[in-house]
Structure formats: C-alpha cells, structure tokens
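Have a look at the structure below before the remarks.
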Amino acid sequence: MGCKLTHRLDCECRLLLRIGLAQSNLHEIDSLVAVVPNPELPTYSPHWSPAAIASHFVPRQASHNAVVTRPHASGTVLERVRLSPRSGWIAINAMVEEAEELLKVVYQVWTHASGVEQFGSSSICWCVLGSYCE
C-alpha cells in the first residue's frame with residue numbers, strides 16, 4: 001500500500017533546514033591527490049591534516065553570503081540562521097511558511113496505511129517518519 005495525500009503541513013511547525021555550501025578549490029583535488037603517493041616528487045608523503053583540508057576547501061564567502069541573505073530577504077530572522085563550525089553548512093530553524101517561501105515549495109503531509117505520516121513537496125522529497133512538529 002502507498003501513501004495518501006491528507007493535508008497541508010501546518011504553517012506553525014518548525015523545520016530545521018540544512019543547506020550545503022559549494023566548496024572552493026575542488027578543481028585542484030586530482031592534482032593534490034596525485035602528488036602525495038608519487039616518490040619521484042618532492043611533495044611525496046606529506047599528508048594534509050584535517051584542519052588543512054577544511055581550510056583549503058572551505059566555501060567562499062560569496063557562497064555563504066548568497067545563502068544567508070536569501071533567508072533574510074524572505075523574512076527569516078537572522079538569529080535562526082547558523083553556520084557550521086567548518087563553514088560547510090548553514091542551518092536554518094524556520095517556520096514551515098518561511099521554508100516554503102525560501103524554497104518556493106508547498107509542504108504537504110502524506111499518510112501511509114499504517115498511520116505513519118510523512119511530509120514533503122512535489123519538487124523536494126523531505127520525509128520524516130512519525131511526529132514532524134516541535
């Protein structure tokens with residue numbers, strides 16, 4: 001048995017959206033990886049630390065600004081927008097109405113024959129089993 005569309009997701013619910021930012025310098029990965037295992041090169045074997053890798057591939061400030069200004073422009077309070085410690089993700093604690101405006105979607109709830117509810121939109125599949133509201 002499948003799921004049946006039952007109703008629109010309550011606009012007063014909160015969703016935690018996580019948006020991954022595009023990393024910088026990805027075009028260098030092949031050349032950087034190729035020099036470590038080659039004993040013919042002076043760069044042989046000095047492996048990078050996790051901090052050096054994170055620092056080299058950290059998303060550009062422009063990516064961060066583009067993602068942060070969009071929720072603010074759609075009415076999301078900036079205090080509910082957080083950057084991850086390594087700057088690769090932005091988390092937004094948004095009301096359903098704010099998330100719909102930000103992502104240009106409508107969230108709806110589907111109910112499985114077992115009674116388990118899931119929510120999502122027609123363009124993005126966000127599925128949460130069980131309770132979905134705070």
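If you're matching positions, the sequence shown starts at 1 in our numbering and goes up one per residue. Just so it is clear, CB atoms sit at the ideal spot from N, CA and C, and this is done for glycine as well. Just so we're clear, the structure is a prediction, and the values are computed from it rather than from any experiment.
Quick one: is residue i buried, meaning 16 or more other Cβ sit within 10 Å of its Cβ, or exposed?
i	result
Ala66	exposed
Ala99	buried
Arg8	exposed
Leu68	The sequence given here places Val at residue 68; Leu does not occur at that position. It counts as buried.
Ile53	exposed
Glu12	exposed
Val116	exposed
Smallest Cα separation from residue i: which of the options?
i	options	result
Ile29	Phe119, Leu9, Leu21 and His56	His56
Ser87	Leu21, Gly120 and Pro46	Leu21
Ser24	Glu101, Pro59, Arg8 and Asn38	Pro59
Trp48	Ala91, Leu83 and Val35	Val35
Ile19	Val81, Leu26 and Ala51	Val81
Helix, strand or coil for residue i, going by three-state DSSP, please let me know.
i	result
Ala47	Correcting the residue type first, residue 47 is His in the shown sequence and not Ala. Of the three classes helix, strand and coil, the one that applies to His47 here is coil, per DSSP.
Asn65	helix
Glu117	strand
Since residue i sits in a beta bridge, which residues does DSSP pair it with?
i	result
Gln23	Bridge partners of Gln23: none, in fact.
Ile90	Ile19 and Leu83
Cys3	His112
Arg8	Gln108
Checklist entry - Is the region 91-106 touching the region 30-49 in the sense that three or more CB pairs, one from each, lie closer than 8 Å? => result Not touching, per the Cβ criterion.
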